[in-house]
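Step one of this worksheet: look at the structure below.
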Amino acid sequence: MQKGSFSLTTSFQVFYMLLTLLGLYFSLIAGTQAECPVQLNRRRVVVRYGDSVAVNCNTSVQHQGIGWEASEGAVGMTKDKNLITWRVSELKEWVIKPYCFINYKTGEPCEVQLPVTVYKTPDNVSISTVDHSGPMMEGKQYKLQCDVHNVAPVQYLTVKWYKGETLLNQTIFTNTSETPVNETVTLQIRPDRDDDGAQYRCEAELDLGAEGPQPHPKNSSNPLNVEVYYKPRHSNSTETIIKKDEVILDCTVKANPAPRYTWRSDHLEEEISSSVLKSSTLSPGNYTCIATNARGNDSKVFIIKSTDNCIPIILGIIVPVVVISVILIYIYLTYYKKTRMGHYDVKKPKAHELLAQTEQSL
Ligand SMILES: *[C@@H]1O[C@H](CO)[C@@H](O)[C@H](O)[C@H]1NC(C)=O
């Protein structure tokens, strides 16, 4: 019991000590600025290189002088004012660190810094292919390059790669240079057949934070059109066709460059180079079409079956249907006849009797 209460007191003391230390720590951190009795009307400014900027500094305490220090737009110390403005009509410095300072009665002179970010959108953003020109081969690897010229500050830059509207990749920069730089970014691609005709582009985006311009300034390269060479590839390697009046064998297949077509069959005498075979005189059998381009070839077999081959189908489906129908009709008729015979016994007039009746009435 005693032991327990002792440890409780100790932990309380430790906890209290920690709280005190924590309080001291925070007052030290926040103190330096919070204790300087001036307020800036902007927490941070983001200015385009060459644009104007103005930030107010004011105080509510009695003082012996307040002023702005800066390499441009400095305001000399004054005793008569409580509000002074740092103003630059054309800011043409990449690095500028203005601060507002005050000399007041009781305390030491103090100052508050104004963080300034000077930015510049790129002069040029361009895209190119590295060590290659002309069409690309399906499945091979290529390198695209994006050049961003004269941008600042690079730590706020993101270079994004797009294929059509799809974002492929993006790069950020850890370099903290505040003056303009040139950046080159590369992207590995392995185009496939669907990429034939695709448009790649890169875009330089400056995200300068909440105080920066919205939407973010974006500079895009021109689109880079990619041509991809790929061999023909049929979606099905065989197709069966039941011969009717006219048969159409369509071997058309996508490929780049456009494929040539050849046909092989025991039933063909002349050479055919069109992609579609349309005829009413083709004999049943196999017809092989080969589509070829510079990248390779792909063949497709068409199997023409004559309607003779349909006899099993006819026997298998139509005959049973007919037989069943006959049986049903027979059963129906038999039943029908029986019921009727039970009630009536009407003798149907014969044809020549009807004729005689007609003659009589005339
Ligand atoms: C960026 O590239 C341009 C053109 O190639 C060149 O004139 C300029 O000096 C380069 N800038 C830097 C910072 O390297």
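Residue numbers (the working numbering): 2 to 363.
From the three backbone atoms N, C-alpha and C, an ideal C-beta is built for every residue, glycine too.
Over what stretch of residues does the beta strand (DSSP E) that includes residue 98 continue unbroken? What you label residue 98 is simply residue 97 of the sequence shown in a count that begins at 1. Unbroken run through residue 98: none, as it is neither H nor E.
Per DSSP, what are the beta-bridge partners of residue 219 in this structure? Taking the first residue of the sequence shown as 1, we reach residue 219 at position 218. Residue 219 is bridged to 206.
Backbone CA spacing between residue 319 and residue 257 [nearest angstrom]: Stepping through the sequence shown from its first residue, residue 319 is reached at position 318. Stepping through the sequence shown from its first residue, residue 257 is reached at position 256. So the two alpha carbons sit approximately 48 Å from each other.
Is the beta carbon of residue 54 closer than 7 Å to that of residue 47? Stepping through the sequence shown from its first residue, residue 47 is reached at position 46. Stepping through the sequence shown from its first residue, residue 54 is reached at position 53. The answer is no: Cβ separation not under 7 Å.
Near residue 243, what residues of its chain come up, given a Cβ to Cβ distance below 6 Å and the 5 sequence neighbours on each side ignored? Position 242 of the sequence shown, counted from the start, is the residue given in the question as residue 243. Around residue 243: 306.
Buried or exposed: where does residue 28 fall if 16 or more other Cβ atoms within 10 Å of its Cβ makes it buried? Locating residue 28 in the sequence shown gives position 27, where the first residue counts as 1. Annotation note: pLDDT 44 at residue 28 (below 50); position unreliable, coordinate value reported separately. Under this definition residue 28 is an exposed residue.
Out of curiosity, what's the CA-to-CA distance linking residue 149 and residue 276? For the purposes of this step, residue 149 is taken as the residue at position 148 of the sequence shown. For the purposes of this step, residue 276 is taken as the residue at position 275 of the sequence shown. Pairing residue 149 with residue 276, the inter-Cα distance amounts to about 47 Å.
Quick check: the Cα distance between residue 230 and residue 171, rounded to an integer number of angstroms? Working through the sequence shown from its first residue, we reach residue 230 at position 229. Working through the sequence shown from its first residue, we reach residue 171 at position 170. Whole-angstrom Cα-Cα distance: 27 Å.
By Cβ distance, which residues of its chain are closer than 6 Å to residue 26, with the 5 residues on each side in sequence left out? Sequence index remark: in the sequence shown, residue 26 carries index 25 (1-based). The predicted position of residue 26 is uncertain, since its pLDDT is 48 and thus under 50; no value can be drawn from it.
Whole angstroms are fine: how far does the CA of residue 36 sit from the CA of residue 24? Within the sequence shown, numbered from 1, the residue matching residue 24 stands at position 23. Within the sequence shown, numbered from 1, the residue matching residue 36 stands at position 35. With a pLDDT of only 49 at residue 24, under the threshold of 50, the placement of this residue in the model should not be trusted, and no figure is reported.
Taking the Cβ atom as the reference point for each residue, do residue 50 and residue 121 lie within a distance shorter than 7 Å? The residue you call residue 50 lines up with position 49 of the sequence shown. The residue you call residue 121 lines up with position 120 of the sequence shown. Against a cut-off of 7 Å, the Cβ pair of residue 121 and residue 50 comes out as a contact.
Could you spell out where the beta strand (DSSP E) holding residue 183 opens and where it closes? Looking up residue 183 in the sequence shown gives position 182. Residues 182-190.
Backbone CA spacing between residue 184 and residue 101 [nearest angstrom]: Indexing the sequence shown from 1 puts residue 184 at position 183. Indexing the sequence shown from 1 puts residue 101 at position 100. Cα-Cα distance, rounded: 36 Å.
At which residues does the beta strand (DSSP E) containing residue 170 begin and terminate? Sequence index remark: in the sequence shown, residue 170 carries index 169 (1-based). It spans 167-173 - the beta strand (DSSP E) in which residue 170 sits, taken as one unbroken run.
Spatial neighbours of residue 117 within its chain, please: CB distance less than 6 Å, with the 5 preceding and 5 following residues excluded, ordered by chain position. Taking the first residue of the sequence shown as 1, we reach residue 117 at position 116. So the qualifying residues of the chain are 46 and 97.
Kindly provide the chain-ordered list of residues whose Cβ lies closer than 7 Å to any non-hydrogen atom of ligand 1. Cβ atoms closer than 7 Å to ligand 1 belong to 150, 151, 181, 182 and 183.
Just mark residue 133 as buried or exposed, buried being the case when its beta carbon has 16 or more other beta carbons within 10 Å. By 1-based counting over the sequence shown, the position of residue 133 is 132. With fewer than 16 other Cβ atoms within 10 Å, it is exposed.
Enumerate in chain order the residues of its own chain whose CB-to-CB distance from residue 300 is below 6 Å, with the five nearest sequence positions on each side excluded. As a first step, residue 300 must be located in the sequence shown, where it is residue number 299. Closer than 6 Å at Cβ, skipping near neighbours: 289 and 291.
Give the DSSP-derived three-state secondary structure of residue 282 in the structure shown. On the sequence shown, residue 282 is found 281 positions in, with the first residue counted as 1. Of the three classes helix, strand and coil, the one that applies to residue 282 here is coil, per DSSP.
C-alpha gap between residue 85 and residue 145, whole angstroms: Indexing the sequence shown from 1 puts residue 85 at position 84. Indexing the sequence shown from 1 puts residue 145 at position 144. Approximately 52 Å, taken between the alpha carbons.
Per the DSSP calculation, residue 111 is bridged to which residue(s)? Here residue 111 refers to the residue found at position 110 when the sequence shown is read from its first residue. For residue 111, which the question treats as bridged, DSSP gives the partners 103.
Taking the straight line between their C-alpha atoms, what separation do you get for residue 273 and residue 297? Along the sequence shown, read from residue 1 onward, the residue named residue 273 stands at position 272. Along the sequence shown, read from residue 1 onward, the residue named residue 297 stands at position 296. Going from the Cα of residue 273 to the Cα of residue 297 covers about 19 Å.
Local conformation of residue 332 per DSSP, three classes: Here residue 332 is taken as the residue at index 331 of the sequence shown, counted from 1. Residue state, collapsed to three classes: helix.
Can you tell me which of the three DSSP states residue 130 falls into? In the sequence shown, counting from the first residue as 1, residue 130 sits at position 129. Looking at residue 130 - three-state DSSP - the assignment turns out to be strand.
Please determine if the segment 247-257 and the segment 216-224 are in contact, where contact requires at least 3 C-beta pairs separated by less than 8 Å. no
Contact check, residue 155 vs residue 176, beta carbons under 7 Å: Your numbering for residue 155 matches position 154 in the sequence shown. Your numbering for residue 176 matches position 175 in the sequence shown. Contact: yes.
For residue 159 and residue 173, which I take to be in contact (beta-carbon distance under 8 Å), what is that distance rounded to the nearest angstrom? In the sequence shown, the residue the question calls residue 159 occupies position 158. In the sequence shown, the residue the question calls residue 173 occupies position 172. About 5 Å separates the two Cβ atoms, so the contact holds.
Are residue 56 and residue 43 closer than 7 Å when you measure CB to CB? For the purposes of this step, residue 56 is identified with residue 55 of the sequence shown, where counting begins at 1. For the purposes of this step, residue 43 is identified with residue 42 of the sequence shown, where counting begins at 1. Cβ atoms of residue 56 and residue 43: closer than 7 Å.
Run through the DSSP bridge pairs and tell me what residue 153 is partnered with. What you label residue 153 is simply residue 152 of the sequence shown in a count that begins at 1. For residue 153, which the question treats as bridged, DSSP gives the partners 121.
Leaving out five residues before and five after residue 267 in sequence, what residues of the same chain have Cβ atoms less than 7 Å from its Cβ? Counting from 1 along the sequence shown, the entry for residue 267 is found at position 266. So the qualifying residues of the chain are 286.
Going along the chain, which residues of its own chain have a beta-carbon closer than 6 Å to the beta-carbon of residue 225, five neighbours each way excluded? If you number the sequence shown from 1, residue 225 lands on position 224. 128 and 201, listed in sequence order.
Output needed for residue 199: all residues of its chain with C-beta closer than 6 Å, excluding positions within five of it in sequence on either side, in chain order. The count along the sequence shown starts at 1 and reaches residue 199 at position 198. If we look at residue 199 and ignore the five residues flanking it on each side, its Cβ neighbours are 164 and 227.
Quick check on this structure: which residue in 323, 136, 250 and 283 has the alpha carbon closest to the alpha carbon of residue 302? Counting from one through the sequence shown, the residue named residue 302 turns up at place 301. Closest option to residue 302, Cα to Cα, is 250.
I need the straight-line Cα distance from residue 168 to residue 204, nearest angstrom please. As a first step, residue 168 must be located in the sequence shown, where it is residue number 167. As a first step, residue 204 must be located in the sequence shown, where it is residue number 203. Using only the alpha carbons, I get a separation of about 10 Å.
Looking at the secondary structure, which residues open and close the beta strand (DSSP E) in which residue 298 lies? Here residue 298 corresponds to residue number 297 of the sequence shown, with the count starting at 1. Unbroken beta strand (DSSP E) run through residue 298: 297-306.
Please look up how many angstroms separate the CB atoms of residue 115 and residue 41, rounded, as I've assumed it's under 8 Å. Taking the sequence shown and counting its residues from 1, one reaches residue 115 at position 114. Taking the sequence shown and counting its residues from 1, one reaches residue 41 at position 40. Sure, about 6 Å apart at Cβ, within 8 Å.
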